[in-house]
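Remarks on the structure that follows.
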Amino acid sequence: MSVSVRIPTILRTYTGGASEVTATGATLAEVLDDLDAHHSGIKGRVLDDEGDLRRFVNVYVGNEDVRFLDDLATPTPDGAQVSIIPAVAGGC
Amino acid sequence: MSFPALVEPADELTVDEVRRYSRHLIIPDVGMTGQKRLKNARVLVIGAGGLGSPALLYLAAAGVGTLGIVEFDEVDESNLQRQIIHGQSDVGRPKAVSAKESVQEINPLIEVVVYEERLDNDNVLGIFEGWDLIVDGTDNFATRYMVNDAAYFLKIPYVWGSIYRFDGQASVFWPHAVDENGESAEAPCYRCLYPEPPPPGMVPSCAEGGVLGVLCASIGSIQVNEAIKMLTGAGEPLVGKLMIYDALEMEYRKLKVRKDPKCALCGDNATVTELIDYEAFCGAVSDEAADAAAGSTISVVQLEHMLKEREEGTRDFLLVDVREPNEYEINKIPGSVLIPKGEFLNGNALGQLPADKPIVLHCKSGVRSAEALAVVKGAGYGDAVHVGGGVVAWVNQIDPSQPSY
Numbered sequence: 002m003s004v005s006v007r008i009p010t011i012l013r014t015y016t017g018g019a020s021e022v023t024a025t026g027a028t029l030a031e032v033l034d035d036l037d038a039h040h041s042g043i044k045g046r047v048l049d050d051e052g053d054l055r056r057f058v059n060v061y062v063g064n065e066d067v068r069f070l071d072d073l074a075t076p077t078p079d080g081a082q083v084s085i086i087p088a089v090a091g092g093c
Numbered sequence: 512m513s514f515p516a517l518v519e520p521a522d523e524l525t526v527d528e529v530r531r532y533s534r535h536l537i538i539p540d541v542g543m544t545g546q547k548r549l550k551n552a553r554v555l556v557i558g559a560g561g562l563g564s565p566a567l568l569y570l571a572a573a574g575v576g577t578l579g580i581v582e583f584d585e586v587d588e589s590n591l592q593r594q595i596i597h598g599q600s601d602v603g604r605p606k607a608v609s610a611k612e613s614v615q616e617i618n619p620l621i622e623v624v625v626y627e628e629r630l631d632n633d634n635v636l637g638i639f640e641g642w643d644l645i646v647d648g649t650d651n652f653a654t655r656y657m658v659n660d661a662a663y664f665l666k667i668p669y670v671w672g673s674i675y676r677f678d679g680q681a682s683v684f685w686p687h688a689v690d691e692n693g694e695s696a697e698a699p700c701y702r703c704l705y706p707e708p709p710p711p712g713m714v715p716s717c718a719e720g721g722v723l724g725v726l727c728a729s730i731g732s733i734q735v736n737e738a739i740k741m742l743t744g745a746g747e748p749l750v751g752k753l754m755i756y757d758a759l760e761m762e763y764r765k766l767k768v769r770k771d772p773k774c775a776l777c778g779d780n781a782t783v784t785e786l787i788d789y790e791a792f793c794g795a796v797s798d799e800a801a802d803a804a805a806g807s808t809i810s811v812v813q814l815e816h817m818l819k820e821r822e823e824g825t826r827d828f829l830l831v832d833v834r835e836p837n838e839y840e841i842n843k844i845p846g847s848v849l850i851p852k853g854e855f856l857n858g859n860a861l862g863q864l865p866a867d868k869p870i871v872l873h874c875k876s877g878v879r880s881a882e883a884l885a886v887v888k889g890a891g892y893g894d895a896v897h898v899g900g901g902v903v904a905w906v907n908q909i910d911p912s913q914p915s916y
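Protein chains in written order, with our numbering: chain A, 2 to 93; chain B, 512 to 916.
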């Protein structure tokens, strides 16, 4: 399954500045593994040391937050858009 | 989903007000009733900075009857790239006062209440009491969580916006929202979206990472748009929705935000039942960095002395600037080499460090260098130190001929 992954500004150092990259996998876990294989280190910014989603990063498949679906086991159908949304606090 | 208007209409509009707001009055969704609601509305804006500047100006122009401004800071020249409520002649003046003057110049018909203080656990509930809506334009996680929690305890809707470089986010958090049938809307709070803040140092602030000036207007105007809809009951506000804006791609996307049944604040088994210690919850520096920096921090005056001794050949050490290349172009401490912090965190920098001389690290203000110091010490460089206050202190105390940022 090929999906497109939206990369937020603060993680674009891992993708050579690309705001959107493609990855393959039937579930979010597989997509993140594939992403990390091509953009080494990015998975560690999304998952903690135990391999769970970090609590200050939200991952959406389509329009839904995966925490309310099946977390890392959430299916990523062909053509799905995966979005990584980190907490940002700036306002000044 | 639409919601009933937050505010009851004022009794009447004066002749002056009808003239001033005529372009609102002829919009059917606003009309006389909507404008009277705005006149009766009380909106509190936290921060008169990047987001607060456009938010305050447009809320004032729109005729929100009472505006509150919470701001303790003074106007700095580096604010003027984006904080359009302040001008050149305001540099050095309190932002709250400058903001109030700008607002009253735009609209003398409204009331402005100024709180020239830093929001904290002791004053936040007292300041929030009695406002219809909170618009948040602060710049750090600790304040964001405090504002979210205080707004929840007082049942006040919270219009939230956040910016970084070219990215913006906005939403309306209002767990007490009820729909037009009086049923709970099951709307989320900020903690439902982000249960925990990132560890200190992982997500840079605008002061560290920068922000496109006009991004403040993009997100600040969304906040005002949502505020006006909430106050007048028009349209469908961003309750339970997150707006994501990417200025480089010029793309807005709206995502669903669900109420988290496990939320520590508004969930079924809430554990946060009163204000907590937000500084401890969010941290200013990580525990590792704080440990590393304890007893291993030197001042810029000590550094100047050490550099002199290095020049005379009586001392040797490596001075490493851990900022980013574009910061290094702005100013630098002479005799430093540049290795960005990320190179320490991924381990690449360790191979570039000499084994035979002490390491001295610095950054802009001392936060990033403390994190790099933790890595360096962990790799066995026990005598490494970092410079408290970083290049900002260097420019202030040692070399005022260089620019600061």
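All residues carry an ideal CB built from backbone N, CA and C; glycine is no exception.
Query, Result
"Name the chain B residues whose beta carbon is nearer than 7 Å to that of residue 24 of chain A?", "By Cβ distance, chain B contributes nothing, its closest Cβ being about 18 Å from residue 24 of chain A, past 7 Å."
"Restricting to Cα atoms, I'd like to know which of B:644, B:550, B:772 is closest to residue 529 of chain B.", "B:550"
"Can you confirm whether residue 767 of chain B, when its beta carbon is compared against all beta carbons of chain A, has any partner nearer than 9 Å?", "yes"
"Can at least three beta-carbon pairs, one atom from the segment 624-644 of chain B and one from the segment 655-667 of chain B, be found at a separation below 8 Å?", "yes"
"Report the neighbours of residue 722 of chain B on chain A: residues whose CB is nearer than 7 Å to its CB, in chain order.", "91"
"Are the Cβ atoms of residue 87 of chain A and residue 9 of chain A separated by less than 9 Å?", "yes"
"Can you say whether residue 714 of chain B is buried or exposed, counting buried as having 16 or more other CB atoms within 10 angstroms of its CB?", "buried"
"Here's the rule: buried if 16 or more other CB atoms are within 10 angstroms of the residue's CB, otherwise exposed. What is residue 507 of chain B?", "For residue 507 of chain B there is no data in the structure shown, the boundaries of chain B being 512 and 916."
"Does DSSP classify residue 756 of chain B as helix, strand or coil?", "strand"
"Could you tell me whether the Cβ atoms of residue 630 of chain B and residue 670 of chain B are closer together than 9 Å?", "no"
"Kindly list the residues whose CB is nearer than 6 Å to the CB of residue 479 of chain B, restricted to its own chain and excluding five residues on each side of it in sequence; keep chain order.", "Since the first and last residues shown for chain B are 512 and 916, residue 479 of chain B lies out of range."
"Taking C-beta to C-beta, are residue 724 of chain B and residue 672 of chain B nearer than 9 Å?", "no"
"Apart from the five residues on each side of it in sequence, which residues of its chain come closer than 6 Å, Cβ to Cβ, to residue 652 of chain B?", "708, 793"
"Could you name the residues that DSSP lists as bridge partners for residue 583 of chain B?", "None, per the DSSP bridge assignment."
"Let me know if residue 11 of chain A comes out buried or exposed under the rule of 16 or more other beta-carbons within 10 Å of its beta-carbon.", "buried"
"Are residue 579 of chain B and residue 624 of chain B closer than 9 Å when you measure CB to CB?", "yes"
"What are the residues in the segment 559-577 of chain B lying within 8 Å of chain A by C-beta distance?", "560, 561, 562, 563"
"Using a Cβ-Cβ cutoff of 9 Å, what residues of the segment 820-840 of chain B are near chain C? List them in chain order.", "In summary, chain C is missing from the structure at hand, where the protein chains are A and B."
"Going by alpha carbons, who is nearest to residue 646 of chain B out of B:750, B:557, B:661?", "B:557"
"For residue 811 of chain B and residue 829 of chain B, which I take to be in contact (beta-carbon distance under 8 Å), what is that distance rounded to the nearest angstrom?", "Not confirmed; about 17 Å, so no contact."
"Quick check on the DSSP output: what are the complete alpha helix (DSSP H) runs of length 4 or more inside the segment 686-720 of chain B, in order along the chain?", "701-704, 717-720"
"Taking beta-carbon pairs under 9 Å, can you tell me which members of the segment 694-717 of chain B lie near chain A?", "704, 705, 706, 707, 708, 709, 710, 713, 714, 715, 716, 717"
"Could you tell me the alpha carbon to alpha carbon distance between residue 29 of chain A and residue 626 of chain B, rounded to whole angstroms?", "47 Å"
"Can you list the alpha helix (DSSP H) stretches of 4 or more residues lying completely in the segment 23-93 of chain A, in chain order?", "29-39, 43-47"
"Give the DSSP bridge partners of residue 897 of chain B, in chain order.", "B:808, B:872"
"Ordered along the chain, which non-local residues of its own chain (more than five positions away) have a Cβ less than 7 Å from that of residue 676 of chain B?", "720, 721, 722, 723"
"Can you have a look at residue 761 of chain B and say buried or exposed, based on whether 16 or more other CB atoms are within 10 angstroms of its CB?", "exposed"
"Excluding the five sequence neighbours on either side, which residues of its own chain have a C-beta within less than 6 Å of the C-beta of residue 588 of chain B, listed in chain order?", "602"
"DSSP on residue 637 of chain B, reduced to helix/strand/coil?", "helix"
"For residue 42 of chain A, which residues in chain B fall below 8 Å Cβ to Cβ?", "857"
"Is there a C-beta anywhere in chain B that falls below 9 Å from the one on residue 10 of chain A?", "yes"
"Go ahead and label residue 816 of chain B buried or exposed: buried means 16 or more other beta carbons lie within 10 angstroms of its beta carbon, across all protein chains shown.", "exposed"
"Between which two residues does the beta strand (DSSP E) holding residue 681 of chain B run?", "678-684"
"Go ahead and label residue 682 of chain B buried or exposed: buried means 16 or more other beta carbons lie within 10 angstroms of its beta carbon, across all protein chains shown.", "buried"
"So with Cβ pairs under 9 Å, would you call residue 600 of chain B a contact of chain A?", "no"
"If the cut-off is 7 Å on Cβ atoms, which residues from the segment 654-677 of chain B count as contacting chain A, listed in chain order?", "655, 672, 673, 674, 675, 676, 677"
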